[in-house]
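Report on one structure; see the data block that follows.
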Amino acid sequence: MKIQKRHVLMASLVLALGAAVYLNWQFTGNSDMLSVDASKKLGEAQYVNGDITDETQEAGIFDSIFGGDDDKSTDSTKETTKGEDTTAVKAELTEKQISYFSTVRTDREQTQSKVLEDAKEVLSLSENSEEAKEEAAESVSQLEKLILAQSNIENLLKAKGFTDVVCFISDEGCNVVVASQNMDDSGSLLVKDAVMSQLDMGSEQIKIIQI
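For my numbering, count along the sequence shown from 1 and bump the result up by 2.
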């Protein structure tokens, strides 16, 4: 069932997604590859008993990712439908690629950890209503699922031979950054299989960025 209204913390949760988009743009240098407009999403969020409006209110920012299935993104053992015996091209990363993956992953983790820390602090404030706290707790849970899905996707692809991977999930899609040396004709299929095994989205919502 789609959730029509979000309250406390949605600005922070949207910020986490927006930060992922920003980091993607910062390190790839190509804003055309982004799957969401961070500033638009940030403008849709309000704190404390404010509604999420427009597109987010209609669809629910996380429902389009997880499809209302609590187990969809958390089971790293889900089987892919194609390419199960296929592996990526073996490759060694350049120094620039190593630096990119290390930096962007660290920045992403710091951003998301800060969001969760702030969220839990708000949950502990006694002046917030029980309803607001319940909705905030649900939003935090969804962000934790998103973080786990990121990890699962990256681990699945590394198991398939990708030297390193980093992904950014938004309510409109998933950007997956891989080393160009790892990609051949089957690389795209491997990436899309991994993403769709964890998230409820179509292949057209998955963007592969080679560095």
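Glycine included, each C-beta is placed from N, C-alpha and C at the ideal position.
Predicted, not measured: the structure shown is a model, and the values here were computed from it.
Ranked by Cα distance from Ser-172, the options Gln-112, Ile-149, Glu-111 are led by Ile-149.
Within the DSSP secondary-structure output, Gly-175 pairs in a beta bridge with Ser-172.
Boundaries of the beta strand (DSSP E) harbouring Lys-209: 208 to 212, taken from the DSSP string. For the pair of segments examined, the stretch 132 to 152 was found not to touch the stretch 182 to 191: the number of CB pairs separated by less than 8 Å stays below three.
DSSP, reduced to helix, strand and coil, places Val-91 outside both helices and strands of the structure shown, so it counts as coil. Scanning Tyr-102, Ala-139, Ile-100 for the CA closest to the CA of Glu-119 turns up Ala-139. Note: Val-167 is bridge-paired with Val-180 in the DSSP secondary-structure output. A Cβ-Cβ distance of about 28 Å is found for the pair Lys-122 and Gly-175, leaving them out of contact under the 8 Å criterion.
Out of Asp-202, Phe-164, Ala-196, the CA that lies nearest to the CA of Asp-186 is found in Phe-164. Residue nearest to Leu-192 within the set Gln-99, Glu-97, Tyr-102, Ala-161 is Ala-161 (criterion: CA-CA distance). Taking C-beta atoms as the reference points, Val-178 and Leu-145 fail to come closer than 9 Å. Selection Glu-129, Asp-195, Ser-188 evaluated against Glu-156 yields Asp-195 as nearest (Cα-Cα). Here the alpha carbon of Ser-101 sits roughly 11 Å from the alpha carbon of Thr-108. Leu-159 sits buried, since 16 or more C-beta atoms from the chains shown fall within 10 Å of its C-beta.
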